Amino acid sequence: MPSPIMVVLASDNRHLLDQARAGLAAERAIKVVGEARVAGEAIQLVSRRRPRLFIVDLALPPAGGLPVLAQVRKRSPKTKVLAVDDRLDEERVLRVAKAGGYGYMLEEAVPAYLAKAARVMAAGEVWLSRKLTTKVVE
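The opening position of the sequence shown corresponds to residue 1244 in this note's numbering, with each subsequent residue numbered one higher.
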């Protein structure tokens, strides 16, 4: 049996963390190895645990998830980063990509798609929210 996909979550939004945990718990191949509620804690946790996937809320305090994403990519280059956002913002998607993010998901999609996104990204592919993909194509 292959080793599980190790995941670190970062958000100060309890509801989002609960949804993420619940969505990932159903998957035996995925293991949440840590949670952070502020930027510094998230960077330290990823540096220490070296997960395959880091899921970060773009509203993470104190300065948002983008600076955290960039630091994580510098400190743990093999870790794929999935940014979770509460609204569809094409400009933020571009900033996520430029900072080294490997995926973008709307918060509303977390319950239904987070486990699938984790598997896709752990396999080395990019994940983009369906709404974003539809908006780009239109």
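Glycine included, C-beta positions come from ideal geometry on N, C-alpha and C. Note that this is a predicted model, so its numbers are computed, not measured.
Check                                                                                                                                                  : Outcome
Report yes or no: do the region 1342-1352 and the region 1275-1286 share at least 3 C-beta pairs separated by less than 8 angstroms?                   : no
Is Arg1316 closer than 9 angstroms to Val1324 when the C-beta atoms are compared?                                                                      : yes
If you compare alpha carbons, which of Pro1247, Met1249, Pro1245, His1258 is closest to Val1353?                                                       : His1258
Which first and last residues belong to the beta strand (DSSP E) in which Glu1334 is found?                                                            : Unbroken run through Glu1334 is the alpha helix (DSSP H), 1333-1341; no beta strand (DSSP E).
Mind reading off the beta-carbon distance from Ala1285 to Val1275? Whole number of angstroms is fine, and I expect it under 8 angstroms.               : The pair is not a contact, with the Cβ atoms about 13 angstroms apart (cut-off 8 angstroms).
Check each candidate in Leu1303, Ala1268, Arg1292, Lys1378 and name the one with the smallest Cα separation from Asp1255.                              : Leu1303
Near Val1339, which residues of its chain fall below 6 angstroms by C-beta distance, leaving aside the five closest residues on each side in sequence? : Ala1326, Tyr1347
Using the beta-carbon count (16 or more within 10 Å), is Ser1246 buried or exposed?                                                                    : exposed
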